[in-house]
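Residue numbers (my numbering), protein chains in the order written: chain A, 179 to 328; chain B, 3 to 158; chain C, 618 to 963; chain D, 894 to 1248.
Reading through the structure tokens given below for one structure.
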Amino acid sequence: MQGKGLLAGMRITLNRLFGKKITVHYPEEKIPMSPRFRGGELDLAHNKCIACGLCAMACPNQVIELTTRTDEHKKRHLTSYIYHSGRCLYCNYCIEVCPTDAICWDKNYENSRYFRHQLDVDCLAISRGKSPNAVVGTNPDDTDKEEGTT
Amino acid sequence: MSKQMISSELFLRLQAQFSPGVTIIGEHFQQALLVESEELIELLTVLKTDPNYQFNLLSNLTAVDYVEYFEVVYHLYSLPLKQSATIKTRCTNDHASVPSVTAIWPSADFQEREVYDLLGIRFTGHPNLLRILMPDDFPEHPLRKAYQFTPDGEKG
Amino acid sequence: MQEVTGLFMVATMLRNILGKYLPNPQWVDIVITLINIGAIFTVISLSAVILVYAERKVSAYMQMRIGPNRVGPWGILQTVADMIKLMSKEDIMPVGADRWLWILAPVLLFIPSAAVYVVFPFDNQAIFADLNIGIFYFIAVSSQATLPFLMAGWASNSKYALIGGMRTVAQMLSYEIPLVFSILGVVMIVGSMRMSDIVAAQQQVWFIVVQPLAFIIFLIAATAETNRAPFDLVESESELVAGPFTEYSGMRWALFFLAEYANLFAASAIAVTLFLGGWNGPWLPGWLWFLLKTALMIFVFMWLRWTFPRPRVDQLMAFGWKILLPLSLVNVVLTGIGIYTVKYFS
Amino acid sequence: MGPQHPSTHGVLQVVLELDGERVVKAIPQMGYLHRGIEKLAESRTYTQFIPYTDRLDYVSSMGNNLGYCQTIEKLMAISVPERAEYLRVIMTELNRIASHLIFMSSVAIDLGATTGMMFGFRDRERILDLFDMACGARLTYSYIRFGGVREDVPAEFIEATRQFLADFPAMLTEHHTLLSGNEILHHRLKGSGIISGQRAVETGLTGPTLRASGVDYDIRKIEPYGIYDRFSFCVPLGTVGDNWDRYMVRMEEMQQSADIIAQALDQLPPGPVMTKIPKVLKPLPGDVYHRIENPRGELGYYVVSDGSTKPYRIHVRRPSFINLQALNEICQGSLIADVVAILATLDPLMGEVDC
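Here you go:
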């Protein structure tokens, strides 16, 4: 069988051998993601959030669970905002539908966890800055539900 | 999106040919031919072999559970004449069975097995009517409206 | 008389020291042989470690990746880390496997590939046993390697392994013959099978120039012998998962791995001795030349591996019998005519 | 060949009946990746179902979005602005090239040429970066919405796509020399896994697999959806319908898609990318079936609506699921190595097969 095609193939691999590499040393240098990258977890600016619950309703997979409390002069406050990142489809619906742009992606795509319940992120605590790395250990079922769960 | 639907007079001629069992329902792109399951095979063979129909590709075969009855839908397409048609047939849901069209179009084989697996419609004459997607020992047919499931965290 | 090379002096000096302590000369020979065996094993394990690392680096560079660079500077200790990992891996044996056959297979595979090192002329005098049937010994021992594959295939009681084992037998046998015939060409010119004579005969001109066709046939047949791509049908990932080695893990699998790289080093060493003039070469000492040429040959094997897809079993057989074998016969005839004309004119 | 076999494109089990190495029967067993997307659809609103369509044929999810959105637009007669139509064509064709690059890499790795695979994935990275720039995701985009696309592409996207199109011929020639020109590949793919055109149509094969058997059936040409009638491109056809034809048809299609993108980029008009549609869609009761040309074949959506915000029934006509029917017939009497090659050229995708 004429070896012309074989030799041509070998020529390619040879000059690729000395060619420029395209992989990077991952932990040290990271490939920059685009500004529109939808990844990581939701980070909530709780002062902007008016606890309307639109994001929870818009989400196809019921990933966002928030509970609200209406105080004396009918103003709604957020009491808990749990984001089950394990079930999130990253479809960006919640961010598009939020009237006050309170949530956005934190673009940190290295968020692997050891335990399943660590996937449920309590964005409220984080945004309040109380405990910057508050990974709520509460499993979804035993979160105390106040009235008005949306 | 122009869709060369089968011209209506062809439908009318078909209806005349199989008068009692065939009715035309829907309009414009939703136009379909409702057929009694007895005349189904006969009609489909005509559609495939007759020179002015020549539907040689069974593009899609599916079924819908309208609670009182099941509706099996066939979408046909004719490559030479570049026209498409929709054929529907109904069967009650207690003894849901429809004659199988694998004899006419072998491409119906997997699709009928899938409809049987998910909706429980038996296709008489199908070579090996087994479950295709669900595990073999799955008791029910999940796509039926009666089948509700609430896996954890699912508030659907 | 060849000049006394460094290595030879070391051997004689060692012999005198031992002579003082040990009562009679037999003891000295035994100790020298033991040292040599030890030397061969270190060469094998060292070469395996380096080859594994080199293969991963070369394949990575060819695919524009960077390759292992985590463990140790530029990833040199990567293979050592692999070895330790493999040793600590738990060694599971498939149920229903044929116990003894399964345990013996990797060991039996390693013996022929180690025994082959005996005839390599690393340097002028540095050959373990300069048998007068050197090259013939190489062929006889290397054809032993087929059996352990079949044993592993049969013993691990899995469909993939069995088919892999059958394929090994078919492939190795059908590529043994073209290999032998291509070597025949060289032996006809040299007139003797002693390795050092073959190397000595290549003082002026290397046999690759005299026997280009034989070199190509040898190259192809050797790739098939060592089960390396493009002929790695034995353990082709996409069809047979890993062929005979599917059921092995931990240290046993490492032994298979080691044997494969030992075979690779052996095949390229033989190619160097037969066609590229062993340790002949200006300026540099003999053994360095030998290593450089072997490294070049190994690079060519790796180059083949990372460029070509894998032919089908029946195409492999057809190629082996219908094309390679007649070609090698033609080569033998041509060499015969060549020798005769040379004798006629000189 | 069990579900976790390395070369079955996902979790597919092929029950092989052999004598020696010859294949007597090859029955695909499916369902390992069955997530019941059609059942989920019944408890989601129309817009909420879009991210699920990405997960069907996760390698060309732009095509899935387009198919679903066009079906609903047809049901509710929603019009789409010009610029959005062009962006949709550009995105789906880019996705087709990426999907065919994956096809080529999987053929290469299945036949043993690991380097060929690496090159395929390296070129696909370029396209994924383009998608990342435009819609933020690399694999599951949900970029196409009812009435247009989610947001306009950034300025540098157009220039980066032109740059990609400029480098693309060089990439293709490299793949051709390394893989298609290779004699071993010729022997491996030529003459094996043959299916005649007429038989292919009967078993419901569609897409490049059908065109390889010489049947000219490309929905972009026969029933142009969207604005495909404004682009001139030819539909590559095979002759014998063996593995080699299936391979070459897809390689040529990549070139055709690149031409389409170039034409679309030239004619890209300015303007809005989204028409005004109600927040909550309530289509009139009725059903609709719409088909588009996905890299793996004819992707059809049959949507039945009962007037509420949630679809009553959605059935997806999945090309890989139906193309797999021909596996048993094509594999008759071939060797194990051929079964792997046939599976590679049939290019099934488990997310789509199991739905």
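Beta carbons: idealized from backbone N, C-alpha and C, even for Gly.
None of these values were measured; they are calculated from a predicted model.
Next item on the list: Spell out whether any CB of chain A is found under 8 Å from the CB atom of Ser1085(D).
Entry: As a first step, residue 1085(D) must be located in the fourth sequence, where it is residue number 192. It does not: the Cβ of Ser1085(D) has no partner Cβ on chain A nearer than 8 Å.
Item checked: Stretch-stretch touch, CB-based, cutoff 8 Å, three pairs: the region 1157-1174 of chain D with the region 52-65 of chain B -> no
Check: What residue range is occupied by the uninterrupted alpha helix (DSSP H) comprising Trp906(C)?
Finding: Walking along the third sequence from the start, residue 906(C) turns up at place 289. Counting along the chain, the alpha helix (DSSP H) containing Trp906(C) begins and ends at Gly903 to Arg922.
Notebook entry, point to check: Given Ile43(B), which residues of its chain have a CB within under 6 Å of its CB, disregarding the five upstream and five downstream residues?
Noted result: The count along the second sequence starts at 1 and reaches residue 43(B) at position 41. Pro101.
Check: With a cut-off of 8 Å, do at least 3 Cβ pairs link the region 968-977 of chain D to the region 1210-1221 of chain D?
Finding: No: the two stretches stay apart, fewer than three of their Cβ pairs being nearer than 8 Å.
Next item on the list: Output the distance between the C-alpha atoms of Ser773(C) and Thr201(A), rounded to the nearest integer angstrom.
Entry: Here residue 773(C) refers to the residue found at position 156 of the third sequence. Here residue 201(A) refers to the residue found at position 23 of the first sequence. Their backbone Cα atoms lie some 39 Å apart in a straight line.
Item checked: Cut-off 7 Å between Cβ atoms - residues of its own chain near Thr104(B), not counting five sequence neighbours on either side -> Numbered from 1 along the second sequence, position 102 holds the residue referred to as residue 104(B). Ala110, Asp111, Glu114, His128 and Pro129, listed in sequence order.
Next item on the list: Could you please give the first and the last residue of the uninterrupted alpha helix (DSSP H) stretch that includes Ile964(C)?
Entry: As shown, chain C starts at 618 and ends at 963. That puts residue 964(C) outside it, with no answer to give.
Next item on the list: Check Ala1063(D) in the structure and name its three-state DSSP category.
Entry: For this step, residue 1063(D) is matched to residue 170 along the fourth sequence. Reduced to three states, the DSSP call for Ala1063(D) is helix.
Check: Got a sec? Which residues, its chain only, sit under 7 Å from Val313(A) by beta carbon, not counting five neighbours each side?
Finding: Taking the first sequence and counting its residues from 1, the one referred to as residue 313(A) is at position 135. Note that Val313(A) scores 43 on pLDDT, short of 50, meaning its location in the model is unreliable; the coordinates nonetheless yield the value given after this. Within the same chain, Val313(A) has close Cβ partners Gln296 and Val299.
Notebook entry, point to check: How is Glu73(B) classed by DSSP in three states: helix, strand or coil?
Noted result: Within the second sequence, residue 73(B) is the residue found at index 71, counting from 1. Three-state result, Glu73(B): strand.
Check: Can you tell which of Val952(D), Arg948(D) and Ile1087(D) has its C-alpha closest to the C-alpha of Cys266(A)?
Finding: The count along the first sequence starts at 1 and reaches residue 266(A) at position 88. Checking every option, the nearest Cα to that of Cys266(A) belongs to Arg948(D).
Notebook entry, point to check: Is there a Cβ from chain D that is less than 8 Å from the Cβ of Leu145(B)?
Noted result: Residue 145(B) sits at position 143 when you count from the first residue of the second sequence. Output row for Leu145(B): interface = yes.
Next item on the list: Please name the residue in Met1141(D), Gly1040(D) and Ile965(D) whose C-alpha comes closest to that of His1208(D).
Entry: Here residue 1208(D) corresponds to residue number 315 of the fourth sequence, with the count starting at 1. Looking at the Cα atoms, Ile965(D) is the closest of the given residues.
Notebook entry, point to check: Given that a residue counts as buried once 16 or more other Cβ atoms are within 10 Å of its Cβ, and exposed if not, what is Trp906(C)?
Noted result: Counted from its first residue, the third sequence places residue 906(C) at position 289. Buried is the call here.
Margin query: Measuring CB atoms only, is the region 1100-1111 of chain D touching the region 1122-1139 of chain D, in the sense that at least three cross pairs come out at less than 8 Å?
Written below: yes
Check: Near Asp715(C), which residues of its chain fall below 6 Å by C-beta distance, leaving aside the five closest residues on each side in sequence?
Finding: Locating residue 715(C) in the third sequence gives position 98, where the first residue counts as 1. Result list for Asp715(C): Ala772, in chain order.
Notebook entry, point to check: Quick one, are the C-beta atoms of Glu1222(D) and Ile1087(D) less than 8 Å apart?
Noted result: Taking the first residue of the fourth sequence as 1, we reach residue 1222(D) at position 329. Taking the first residue of the fourth sequence as 1, we reach residue 1087(D) at position 194. Contact: no.
Item checked: Residues of its chain near Ala229(A), where Cβ-Cβ distance is below 8 Å and the 5 sequence neighbours each way are ignored -> Working through the first sequence from its first residue, we reach residue 229(A) at position 51. So the qualifying residues of the chain are Leu244, Thr246, Arg254, His255 and Leu256.
Margin query: What are the residues in the region 681-708 of chain C lying within 8 Å of chain A by C-beta distance?
Written below: Met681, Arg682, Ile683 and Asn686
Check: Would you report the Cα separation of Thr985(D) and Ser1073(D), rounded to the nearest angstrom?
Finding: The residue given as residue 985(D) occupies position 92 in the fourth sequence. The residue given as residue 1073(D) occupies position 180 in the fourth sequence. Looking at the two C-alpha atoms, the distance is approximately 25 Å.
Check: Does the Cβ-Cβ distance between Cys237(A) and Tyr287(A) come in under 8 Å?
Finding: Taking the first sequence and counting its residues from 1, the one referred to as residue 237(A) is at position 59. Taking the first sequence and counting its residues from 1, the one referred to as residue 287(A) is at position 109. Going by C-beta atoms, Cys237(A) is not nearer than 8 Å to Tyr287(A).
Note to self: Between His1080(D) and chain C, is any beta-carbon pair separated by less than 8 Å?
What the structure shows: Looking up residue 1080(D) in the fourth sequence gives position 187. Closer than 8 Å to some Cβ of chain C, the Cβ of His1080(D) qualifies, so yes.
Next item on the list: For the alpha helix (DSSP H) containing Asn1136(D), list its first residue and its last residue.
Entry: If you number the fourth sequence from 1, residue 1136(D) lands on position 243. That run of the alpha helix (DSSP H) goes Asn1136 to Asp1159.
Checklist line | Selection from Asp52(B), Thr64(B) and Asp139(B) that minimises the alpha carbon distance to Tyr1195(D) | finding: Taking the fourth sequence and counting its residues from 1, one reaches residue 1195(D) at position 302. Nearest of Asp52(B), Thr64(B) and Asp139(B) to Tyr1195(D), Cα basis: Thr64(B).
Check: Using the rule of at least 16 other Cβ atoms within 10 Å of the residue's Cβ for burial, across every protein chain shown, is Ser1150(D) buried or exposed?
Finding: As a first step, residue 1150(D) must be located in the fourth sequence, where it is residue number 257. With 16 or more other Cβ atoms within 10 Å, it is buried.
Notebook entry, point to check: For Phe925(C) and chain A, any beta-carbon pair shorter than 8 Å?
Noted result: Taking the third sequence and counting its residues from 1, the one referred to as residue 925(C) is at position 308. Yes - at least one Cβ of chain A is within 8 Å of the one on Phe925(C).
Check: CA-CA distance, Gly1005(D) and Lys90(B)?
Finding: Against the fourth sequence, residue 1005(D) aligns to sequence position 112. Against the second sequence, residue 90(B) aligns to sequence position 88. Between the alpha carbons of Gly1005(D) and Lys90(B) lies a distance of about 48 Å.
Check: So the beta strand (DSSP E) Val697(C) belongs to, where does it begin and stop?
Finding: Position 80 of the third sequence, counted from the first residue, corresponds to residue 697(C). Here Val697(C) belongs to no beta strand (DSSP E); instead the alpha helix (DSSP H) covers Gln695 to Ser705.
Check: Nearest to Arg1256(D) by alpha carbon, out of Lys1083(D), Thr1102(D) and Gly1084(D)?
Finding: The question about residue 1256(D) has no answer here: the residues shown for chain D are numbered 894 through 1248.
Checklist line | Straight-line Cα distance separating Ala731(C) from Ile661(C) | finding: Along the third sequence, read from residue 1 onward, the residue named residue 661(C) stands at position 44. Along the third sequence, read from residue 1 onward, the residue named residue 731(C) stands at position 114. Straight-line measurement puts the Cα of Ala731(C) at about 7 Å from the Cα of Ile661(C).
Checklist line | Any chain D beta carbon closer than 8 Å to Pro238(A) | finding: Working through the first sequence from its first residue, we reach residue 238(A) at position 60. Output row for Pro238(A): interface = yes.
Notebook entry, point to check: With 16 other CB atoms within 10 Å as the buried threshold, where does Ile1112(D) fall?
Noted result: For the purposes of this step, residue 1112(D) is taken as residue 219 along the fourth sequence, with counting starting at 1. Buried, since its Cβ has 16 or more Cβ neighbours within 10 Å.
Note to self: Between Arg673(C) and Pro685(C), how many whole angstroms is the CB-CB distance? I'm expecting something under 8 Å.
What the structure shows: Numbered from 1 along the third sequence, position 56 holds the residue referred to as residue 673(C). Numbered from 1 along the third sequence, position 68 holds the residue referred to as residue 685(C). Pro685(C) and Arg673(C) do touch by the CB rule: their CB atoms are close to 6 Å apart, below 8 Å.
Note to self: Report the CB separation of Met805(C) from Gly751(C) in whole angstroms; it is logged as a contact under 8 Å.
What the structure shows: Here the question's residue 805(C) lines up with position 188 in the third sequence. Here the question's residue 751(C) lines up with position 134 in the third sequence. 15 Å between Cβ atoms; not a contact.
Next item on the list: Consult DSSP for Asp1199(D) and reduce its assignment to one of helix, strand or coil.
Entry: As a first step, residue 1199(D) is located in the fourth sequence; it is residue number 306 there, counting from the start. Looking at Asp1199(D) - three-state DSSP - the assignment turns out to be coil, as it is neither helix nor strand.
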